[in-house]
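Asks: Numbering (my numbering), first residue to last: 30 to 445.
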Ligand code: UD1
C-alpha cells in the first residue's frame, strides 16, 4: 500500500545524514540544458521529483546516468520533443525547463505544470516576464507553446518575490543578449546554489543573495562538476521529529547557516540547538510557548515549507500558538487530519490558532501534499498508539527513504 504505519511514542536518538536539497537539485538539473556536454551533479537526492526531472531531460534527448548520489547529465542529444505529460503534471519545477529550453533551442511546448496543491500557484508571472525578453507564447488545448529567436536581456521590476520566477529568469538570462536585472529577486539558498552552479559554468551573475541580480549574458557555458547543498527543509523536518518526541539527534551535514529563522524558532520553543561545522545537534523536547505569531515569508524569513512540521510541534507542545501563512493561501491542509489525532486547531483567514494538547493520539490520516505529509509522520511519531499515513507518494517526492531514516533513529515505523 502507498502508506506508512507508525507506532508512536519512541524518543529519537542518534545521527542522521541530511540528503541533498530538492529545491536546489531541480533547477540545477534544468540548468544543465544550457550547457553542451556532460555535467556531474553530486549529492543529488534520490527522490521522485528528481526522478521525474531526469525523465523530462531524457525525453528531450539527454543521457542520464546515476551512480549513487552522483548524476551525470549529457545534453549532446538535446532536441525539441514532447515532454511526458505525467512528469510535467506531477511537479511544478517542470516550469523551470521553459527558461532553459528557450535559451538553448528557442522553442517549447508543454502542458501546465503540477505540484503540491497548496494554493492557486499560477504561472502568469513566469510567462509575462519571459514575454518581456522577446518570447512569444500561445495558448494550446492543454498547455502552451513558447518560442524566441534570441532572448533579450531586460530590467525586471517584479510585482512580488517568487522563487520559481527568479530561477526561470536566471536560466533564460545567462545566455541572453545584453544585461538582465531581476528585482526583487528571491534570496533563497537554493537560488544562491543555482547562481554558484551557473557562474562555475561561465555565467556572469552578480548580486546573489542580495535581492537584486544582475546577469551579463554570455555566448556559452561549459560543463562542470557541482555539489548540491544539504536540504534545509529535510533537516528542519527531522529537527521537529526530535523536538516532538524528545531525545537528541545529530543532523549530519545540516546547513545551519541557511536555517537561522528555523533554529531561532526551535530554541524559543525550548529545544537545545548546537551548531557545529559538520551539522546540528538538536535536543528535545520543545515545551516552551512560542511568543508572538510565527509568520512565514521569503528567505531569510521563516520558510513556508517548515510551517506544517512546526504546527505539529506546537500541537504537541502543551502551549497555544499562532501561525500566519503569508506565502501560499491553501497551506493548512493538514489541519483536518491533525484534528483526527486529537489536536485543537482552528483557522481564521490565513492564521491558524493552535491550542497545544501535550499529547496526540494515533489515527488513520491522509497526506495531501509533500511537507504536510511529512508533518503528519512527525505527529504520528509523537502520538500515543498507532497511526497510518496514507499517500506516501507525496512524501517520497522530497524525502529519501524517510522510513529508514526515522527507524535508524529509533522510531517504530514501517511501510504499510
Ligand atoms: C518554491 C519552492 C517551494 C516553496 C516556495 C516558497 C521549489 C521547487 N519549490 O515554489 O518548496 O514553498 O518556493 O518558498 O523550489 N505566484 C504567482 N504567479 C506566478 C508564480 C508564483 O502568483 O507566476 C505566487 C504563488 O502562487 C505563491 C507565491 O507567488 O503564492 C510564491 O510562489 P513561488 O515563490 O513562485 O514558489 P514556487 O517557486 O512555486
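Backbone N, C-alpha and C define an ideal beta-carbon position, used for all residues, glycine too.
These figures come from a predicted structure and were not determined experimentally.
(1) Helix, strand or coil for residue 103, going by three-state DSSP, please let me know.
(2) For the alpha helix (DSSP H) that residue 266 lies in, which residues bound it at each end?
(3) Helix, strand or coil for residue 239, going by three-state DSSP, please let me know.
(4) Which residues mark the beginning and the end of the beta strand (DSSP E) in which residue 34 is found?
(5) Going by the beta-carbon positions, is the gap between residue 134 and residue 202 smaller than 8 Å?
(6) Between residue 81 and the ligand UD1, is the CB less than 7 Å from at least one heavy atom?
(7) What residues in its chain sit with their C-beta under 8 Å from that of residue 158, if we drop five residues either side in the sequence?
(8) Could you tell me whether the segment 44 to 60 touches the segment 426 to 443, using the rule of 3 or more Cβ pairs below 8 Å?
(9) Is residue 168 helix, strand or coil when you go by DSSP?
(10) According to DSSP, is residue 178 part of a helix, a strand, or is it coil?
(11) Going by alpha carbons, who is nearest to residue 269 out of 408, 131 and 156?
(12) For the 8 Å Cβ check, are there 3 or more pairs between the segment 331 to 349 and the segment 268 to 287?
(13) What does the Cβ neighbour count give for residue 127, buried or exposed, with the cut at 16 atoms within 10 Å?
(14) Does DSSP put residue 373 in a helix, a strand or coil?
(15) Which residue comes first and which comes last in the alpha helix (DSSP H) that contains residue 342?
(16) With the cut-off set at 8 Å, would you say residue 265 and residue 288 are in Cβ contact?
(17) Tell me whether residue 172 counts as near the ligand UD1, meaning its Cβ is closer than 7 Å to at least one heavy atom of that ligand.
(18) How is the beta strand (DSSP E) around residue 382 delimited, first residue to last?
(19) For residue 57, count neighbouring C-beta atoms within 10 Å of its own C-beta (all shown protein chains included) and say buried if the count is 16 or more, exposed if not.
(20) If you measure from the CB of residue 426, is any heavy atom of the ligand UD1 nearer than 7 Å?
(21) With H, G and I counted as helix, E and B as strand and the rest as coil, what does DSSP make of residue 397?
(22) Give me the residue from 207, 223 and 206 with the minimum Cα distance to residue 214.
(23) Quick one: give me the first and last residue of the beta strand (DSSP E) that residue 442 is part of.
(24) If you draw a straight line from the alpha carbon of residue 233 to that of residue 212, how long is it in whole angstroms?
(25) Nearest to residue 387 by alpha carbon, out of 165, 70 and 412?
(26) Can you tell me which of the three DSSP states residue 195 falls into?
(27) Can you find the residues in the same chain that come closer than 7 Å, C-beta to C-beta, to residue 183, ignoring five residues on each side of it along the sequence?
(28) Straight-line CA distance for residue 200 to residue 345?
(29) Throw me the rounded Cβ distance for the residue 363 and residue 401 pair, which I believe falls under 8 Å.
(30) Does the separation of the CB atoms of residue 381 and residue 352 fall below 8 Å?
(31) Looking at residue 174: is its Cβ nearer than 8 Å to the Cβ of residue 117?
(32) Judging by CA-CA distance, which residue of 304, 177, 132 and 120 is the nearest neighbour of residue 152?
(33) What residue range is occupied by the uninterrupted alpha helix (DSSP H) comprising residue 226?
(34) Using the DSSP secondary-structure output, state which residues sit across from residue 305 in a beta bridge.
Replies: Straight from the coordinates:
(1) Position 74 of the chain shown holds residue 103. If DSSP states are grouped into helix, strand and coil, residue 103 belongs with the strands.
(2) Reading the chain shown from its first residue, position 237 is the one you call residue 266. 261 to 274 is the extent of the alpha helix (DSSP H) around residue 266.
(3) In the chain shown, residue 239 corresponds to position 210, counting from 1. The answer is coil: DSSP assigns residue 239 none of H, G, I, E or B.
(4) As a first step, residue 34 must be located in the chain shown, where it is residue number 5. It spans 32 to 36 - the beta strand (DSSP E) in which residue 34 sits, taken as one unbroken run.
(5) By one-based count along the chain shown, residue 134 stands at place 105. By one-based count along the chain shown, residue 202 stands at place 173. For residue 134 and residue 202, no; Cβs fall outside 8 Å.
(6) The sequence position of residue 81 within the chain shown is 52, counting from 1. For the ligand UD1, not one heavy atom lies less than 7 Å from the Cβ of residue 81.
(7) Taking the chain shown and counting its residues from 1, one reaches residue 158 at position 129. Only 185, 187, 194, 197 and 198 meet the Cβ criterion.
(8) yes
(9) Here the question's residue 168 lines up with position 139 in the chain shown. The answer is strand: DSSP assigns residue 168 an E or B state.
(10) Within the chain shown, the letter at position 149 stands for residue 178. Of the three classes helix, strand and coil, the one that applies to residue 178 here is coil, per DSSP.
(11) Position 240 of the chain shown, counted from the first residue, corresponds to residue 269. Comparing Cα-Cα distances from residue 269 to each of 408, 131 and 156, the minimum goes to 408.
(12) yes
(13) Numbered from 1 along the chain shown, position 98 holds the residue referred to as residue 127. Buried, because 16 or more other Cβ atoms sit within 10 Å of the Cβ of residue 127.
(14) Counting from one through the chain shown, the residue named residue 373 turns up at place 344. In this structure, residue 373 counts as strand in the three-state DSSP scheme.
(15) Stepping through the chain shown from its first residue, residue 342 is reached at position 313. Start and end: 336 to 346.
(16) What you label residue 265 is simply residue 236 of the chain shown in a count that begins at 1. What you label residue 288 is simply residue 259 of the chain shown in a count that begins at 1. Yes.
(17) Position 143 of the chain shown, counted from the first residue, corresponds to residue 172. Outside the cutoff, so no.
(18) Walking along the chain shown from the start, residue 382 turns up at place 353. Element bounds for residue 382: 380 to 384.
(19) Locating residue 57 in the chain shown gives position 28, where the first residue counts as 1. Counting the other Cβ atoms within 10 Å of the Cβ of residue 57 gives 16 or more, which makes it buried.
(20) To locate residue 426, count along the chain shown from 1; it is residue 397. Checking every heavy atom of the ligand UD1 against the Cβ of residue 426, none is found closer than 7 Å.
(21) Here residue 397 is taken as the residue at index 368 of the chain shown, counted from 1. In this structure, residue 397 counts as coil in the three-state DSSP scheme.
(22) The residue given as residue 214 occupies position 185 in the chain shown. With distances taken between Cα atoms, residue 214 lies closest to 223.
(23) Residue numbering aside, residue 442 sits at position 413 when the chain shown is read from its first letter. Residue 442 -> beta strand (DSSP E) spans 441 to 444.
(24) In the chain shown, the residue the question calls residue 233 occupies position 204. In the chain shown, the residue the question calls residue 212 occupies position 183. The straight-line gap from Cα to Cα measures roughly 17 Å.
(25) One-based indexing of the chain shown puts residue 387 at position 358. Ranking 165, 70 and 412 by Cα distance to residue 387 puts 412 first.
(26) The residue given as residue 195 occupies position 166 in the chain shown. In this structure, residue 195 counts as helix in the three-state DSSP scheme.
(27) Here the question's residue 183 lines up with position 154 in the chain shown. So the qualifying residues of the chain are 161, 162 and 209.
(28) Taking the first residue of the chain shown as position 1, residue 200 is located at position 171. Taking the first residue of the chain shown as position 1, residue 345 is located at position 316. Computed Cα separation, rounded: 43 Å.
(29) Indexing the chain shown from 1 puts residue 363 at position 334. Indexing the chain shown from 1 puts residue 401 at position 372. Residue 363 to residue 401, Cβ: 4 Å. Contact.
(30) Taking the chain shown and counting its residues from 1, the one referred to as residue 381 is at position 352. Taking the chain shown and counting its residues from 1, the one referred to as residue 352 is at position 323. Yes, Cβ-Cβ distance for residue 381 and residue 352 is below 8 Å.
(31) As a working mapping, residue 174 is identified with position 145 in the chain shown. As a working mapping, residue 117 is identified with position 88 in the chain shown. Contact: no.
(32) Within the chain shown, residue 152 is the residue found at index 123, counting from 1. Looking at the Cα atoms, 120 is the closest of the given residues.
(33) For the purposes of this step, residue 226 is taken as the residue at position 197 of the chain shown. Start and end: 218 to 229.
(34) As a first step, residue 305 must be located in the chain shown, where it is residue number 276. Answer is 308, bridged to residue 305.
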